[in-house]
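Protein chains: 2
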Amino acid sequence: MLKEERQQTILSEVELHNRILLTDIADALDVSIDTVRRDVKELDAENKLKKVHGGAISLGFTSSSVRSDNIYRLEQKRKIAEKALDLLKPGGVIFVDGGTTCSELARLIPANLELTCFTHSLPVATELLSKTGLTVIMVGGQVSSESQTAIGANAIHNLSEIKVDYSFIGTGYVDSYYGLTEFDWDIVQVKKAIIKSSKKTVLLSISEKLNSQHRYKSCDINAINTMITELNPENKLLDSFRNHDIRIL
Amino acid sequence: MLKEERQQTILSEVELHNRILLTDIADALDVSIDTVRRDVKELDAENKLKKVHGGAISLGFTSSSVRSDNIYRLEQKRKIAEKALDLLKPGGVIFVDGGTTCSELARLIPANLELTCFTHSLPVATELLSKTGLTVIMVGGQVSSESQTAIGANAIHNLSEIKVDYSFIGTGYVDSYYGLTEFDWDIVQVKKAIIKSSKKTVLLSISEKLNSQHRYKSCDINAINTMITELNPENKLLDSFRNHDIRIL
DNA sequence: AGAATTCGTGCAAATGTAGGCAATTTAATT
DNA sequence: AATTAAATTGCCTACATTTGCACGAATTCT
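The following block contains the structure:
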């Protein structure tokens with residue numbers, strides 16, 4: 024049997040079944056496992072498949088990091104996300120909300136950090152999946168096409184059964200007097216559930232949202248333990264939030 | 024024997040068998056290995072075939088022709104998905120499994136069809152969200168990075184609380200005797216739960232997977248109500264599935 | 001934590017490759 | 001027809017690749 028031929032067979036098997044064992048292939052092709060191992064190593068180097076312990080898996084599954092390119096105020100959001108990273112500790116359990124800022128946080132989480140991440144956001148979950156150290160748990164429920172997050176009674180019920188160390192949430196509007204508010208009632212219900220299932224809640228918000236409000240209220244401002252904006256913590260714009268027992272980063 | 028004639032023979036052998044061994048050809052044509060080697064070298068230079076260590080392979084057979092970003096056997100999968108579309112009725116409630124074939128189904132569902140879709144697959148959910156008529160419900164749970172689907176006890180529990188009209192599932196391996204089998208134990212548990220929560224189960228599988236099996240079993244073959252492959256329903260390859268009360272499309 | 005796989009490296013045997021060389025065949029020219 | 005030049009072929013040798021095995025290290029499973 025020719026080497027090329029063998030590698031082609033291996034590739035087909037991987038594409039067909041998504042995953043293969045070296046032992047199975049060695050058995051099927053009647054060559055030693057070392058040979059298969061070497062083949063898989065080569066194919067991996069050529070980016071034809073992904074080598075894993077004991078076998079190989081198809082690339083088609085693993086490689087998808089989707090991001091819509093023009094995110095509003097991306098630089099500010101990235102700055103916020105970077106500050107939030109400091110709160111992450113190995114072995115921690117966190118919740119990551121939907122929205123572009125939280126997605127940016129998800130993107131910046133180091134791949135090797137050992138962390139358990141809950142989320143109800145499809146894009147965040149997808150992003151987090153590329154990090155090897157993470158355990159990702161999707162909170163299910165009806166998915167809102169607008170926010171791409173699970174909402175509704177089911178999601179809220181699922182949230183009621185967990186308790187995380189930190190939740191990182193975004194908000195539509197934030198005001199030191201009116202607290203966190205939203206345009207959408209369903210979203211508000213979910214935010215409430217998230218906050219309830221968190222020991223500490225971290226708000227990620229660009230400064231542009233400060234001192235704005237809308238019709239439905241997620242929580243009072245002092246339900247927030249830590250607030251992160253792209254601003255310097257001493258910035259005047261944050262003054263009105265200082266006497267609320269909130270840590271400002 | 025003329026050189027031209029010999030090279031022609033080599034070429035047709037390569038086209039016929041996709042590959043040849045230098046030793047075989049030398050033997051068959053009763054010339055020295057060196058001569059064959061030189062011939063193959065020339066043919067390779069003329070791009071008539073690809074020379075490899077120990078022999079030659081047909082150009083159409085080379086791995087470089089299979090780019091990894093297009094899905095394996097996409098055309099066949101699309102054909103399957105199109106057949107599956109006929110089963111969808113307005114107002115129906117369905118479950119869509121993960122995997123490339125089911126993703127293709129998700130992609131082809133008409134945007135205006137009024138349908139409630141459950142899924143435990145992140146890519147499928149994301150795909151379905153773009154259709155306005157659909158209600159999408161994500162089944163939550165720990166997300167497997169390999170399959171990008173929710174698996175584990177939580178997902179299974181969530182599945183236990185629903186009952187859908189049709190579930191469209193894929194499988195790693197299918198055999199008329201051994202039934203549906205998988206590589207991964209966790210996946211099997213989820214498939215079982217999916218089947219249990221469906222009134223009818225539709226299997227989507229490309230014919231290449233027929234008559235293959237692996238170690239863990241999802242279900243007997245007659246747990247499947249409808250089986251869809253890219254083949255014509257009358258195809259001989261499907262014969263072994265006919266006496267199992269399965270509708271074959 | 002202990003057992004069982006799996007991995008990676010080095011090694012040796014077998015097989016395949018490239019290039020030089022001489023013998024033979026083929027083609028062309030005188 | 002004889003001669004010469006070119007091409008082809010087979011063989012030989014030195015070198016490269018491939019493959020299976022052994023063994024300690026690393027990883028995963030229970």
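Protein sequences, first through last, are from chains E and U. The first sequence runs 24 to 272 under the numbering used here. The second sequence runs 24 to 272 under the numbering used here. From the three backbone atoms N, C-alpha and C, an ideal C-beta is built for every residue, glycine too. Note that this is a predicted model, so its numbers are computed, not measured.
Identified DSSP bridge partners for residue i
{"i": "MET24 (chain E)", "result": "DSSP, once it has assigned bridges, lists no residue as partnering MET24 (chain E)."}
{"i": "ILE210 (chain U)", "result": "ILE210 (chain U) pairs with nothing; no bridge assigned."}
{"i": "VAL187 (chain E)", "result": "E:SER221"}
{"i": "GLU205 (chain E)", "result": "E:TYR239"}
{"i": "ARG270 (chain U)", "result": "U:THR249"}
{"i": "ALA173 (chain U)", "result": "U:VAL166"}
{"i": "ILE160 (chain E)", "result": "E:PHE141 and U:GLN165"}
{"i": "PHE264 (chain E)", "result": "Looking at the DSSP assignment, PHE264 (chain E) forms no beta bridge with any residue, so it has no partner."}
{"i": "GLY78 (chain E)", "result": "E:LEU44 and E:VAL75"}
{"i": "VAL119 (chain E)", "result": "E:THR142 and E:PHE191"}
{"i": "ASP198 (chain U)", "result": "U:GLY202"}
{"i": "LEU226 (chain U)", "result": "U:ILE192 and U:MET250"}
{"i": "LEU108 (chain E)", "result": "Partner(s): none; LEU108 (chain E) has no beta bridge."}
Residues near residue i by beta carbon distance below 7 Å, same chain, minus five either side
{"i": "GLY122 (chain U)", "result": "GLY193"}
{"i": "ILE217 (chain E)", "result": "PHE118, ASP120, LEU182, SER190 and ILE192"}
{"i": "VAL116 (chain U)", "result": "THR139, VAL187 and ASP188"}
{"i": "VAL162 (chain U)", "result": "PHE141, THR142, HIS143, ALA173, ALA178, ASN181 and LEU182"}
{"i": "ALA129 (chain U)", "result": "VAL119, VAL147, GLU150 and LEU151"}
is_contact[residue i, chain U] using C-beta, thresh 9 Å
{"i": "GLU105 (chain E)", "result": "no"}
{"i": "GLN31 (chain E)", "result": "yes"}
{"i": "ILE80 (chain E)", "result": "yes"}
{"i": "GLU137 (chain E)", "result": "no"}
{"i": "LYS64 (chain E)", "result": "no"}
{"i": "LYS219 (chain E)", "result": "no"}
{"i": "SER35 (chain E)", "result": "yes"}
{"i": "ASN216 (chain E)", "result": "For the sequence presented, residue 216 (chain E) should be read as Ala rather than Asn. Judged by the 9 Å Cβ criterion, ALA216 (chain E) is not in contact with chain U."}
{"i": "LYS26 (chain E)", "result": "yes"}
{"i": "ASN181 (chain E)", "result": "yes"}
Minimum Cβ-Cβ distance from residue i to chain E less than 9 Å
{"i": "ARG96 (chain U)", "result": "yes"}
{"i": "ALA178 (chain U)", "result": "yes"}
{"i": "VAL116 (chain U)", "result": "no"}
{"i": "VAL75 (chain U)", "result": "yes"}
{"i": "ALA173 (chain U)", "result": "yes"}
{"i": "THR85 (chain U)", "result": "yes"}
Other residues of its chain near residue i: CB distance less than 6 Å, five sequence neighbours each side excluded
{"i": "THR32 (chain E)", "result": "none"}
{"i": "ASN248 (chain E)", "result": "LYS223 and THR224"}
{"i": "THR142 (chain E)", "result": "VAL119 and ALA148"}
{"i": "CYS242 (chain U)", "result": "GLY202, LEU203 and ILE218"}
{"i": "GLU36 (chain U)", "result": "ILE43"}
{"i": "ARG270 (chain U)", "result": "THR249"}
Neighbourhood of residue i by C-beta distance below 8 Å, restricted to the same chain and skipping five residues each side
{"i": "LEU152 (chain U)", "result": "VAL159"}
{"i": "ALA49 (chain E)", "result": "SER55, ILE56, THR58 and VAL59"}
{"i": "GLU127 (chain U)", "result": "ILE94, LEU97, LYS100, ARG101, ILE103 and ALA104"}
{"i": "LEU45 (chain E)", "result": "ILE56, VAL59, ARG60, VAL63, GLY77, GLY78 and ALA79"}
Exposed unless 16 or more other CB atoms sit within 10 angstroms - verdict on residue i
{"i": "TYR196 (chain U)", "result": "buried"}
{"i": "PHE264 (chain E)", "result": "buried"}
{"i": "ILE56 (chain U)", "result": "exposed"}
{"i": "THR155 (chain U)", "result": "exposed"}
{"i": "TYR95 (chain E)", "result": "exposed"}
{"i": "SER168 (chain E)", "result": "exposed"}
{"i": "ASN41 (chain E)", "result": "buried"}
{"i": "MET250 (chain E)", "result": "buried"}
{"i": "LEU25 (chain U)", "result": "exposed"}
{"i": "GLY164 (chain E)", "result": "buried"}
{"i": "ASP209 (chain U)", "result": "buried"}
{"i": "ALA176 (chain E)", "result": "exposed"}
{"i": "GLU27 (chain U)", "result": "exposed"}
{"i": "ASP109 (chain U)", "result": "exposed"}
{"i": "GLU257 (chain E)", "result": "exposed"}
{"i": "PHE206 (chain U)", "result": "buried"}
{"i": "ALA107 (chain E)", "result": "buried"}
{"i": "GLU38 (chain E)", "result": "buried"}
**Message:** Output needed in chain order: residues of the segment 38 to 54 of chain E with a Cβ under 9 Å from some Cβ in chain U.
**Reply:** For the segment 38 to 54 of chain E, which is checked against every Cβ of chain U, the residues closer than 9 Å are GLU38, LEU39, HIS40, ASN41, ARG42, ILE43, LEU44 and ASP47.
**Prompt:** Residues in the segment 140 to 171 of chain E with C-beta within 7 Å of chain U's C-beta atoms, listed in sequence order?
**Reply:** For the segment 140 to 171 of chain E, the beta-carbon criterion of a distance under 7 Å to any beta-carbon of chain U is satisfied by LEU145, ALA148, THR149, LEU152, THR158, VAL159, ILE160, MET161, VAL162, GLY163, GLY164, GLN165, VAL166, SER168 and GLN171.
**Item:** Against chain E: residues of the segment 119 to 130 of chain U by CB proximity under 8 Å
**Value:** Residues of the segment 119 to 130 of chain U with a C-beta atom less than 8 Å from some C-beta of chain E are GLY122 and THR123, listed in chain order.
**Item:** Near-chain E residues of the segment 221 to 236 of chain U (beta-carbon distance less than 9 Å), N- to C-terminal order
**Value:** Along the segment 221 to 236 of chain U, going in chain order, the ones with a CB nearer than 9 Å to a CB of chain E are ILE229, GLU231, LYS232 and SER235.
**Asked** Any residues in the segment 253 to 267 of chain U with a beta carbon nearer than 7 Å to a beta carbon of chain E? Which ones, in chain order?
**Response** If the cut-off is 7 Å between Cβ atoms, the segment 253 to 267 of chain U has nothing near chain E.
**Residues, ordered as in the chain, of the segment 192 to 214 of chain U that lie near chain E by beta-carbon distance below 8 Å** = Within the segment 192 to 214 of chain U, contact with chain E at the beta-carbon level (separation under 8 Å) is assigned to GLY195, TYR196, PHE206 and ASP207.
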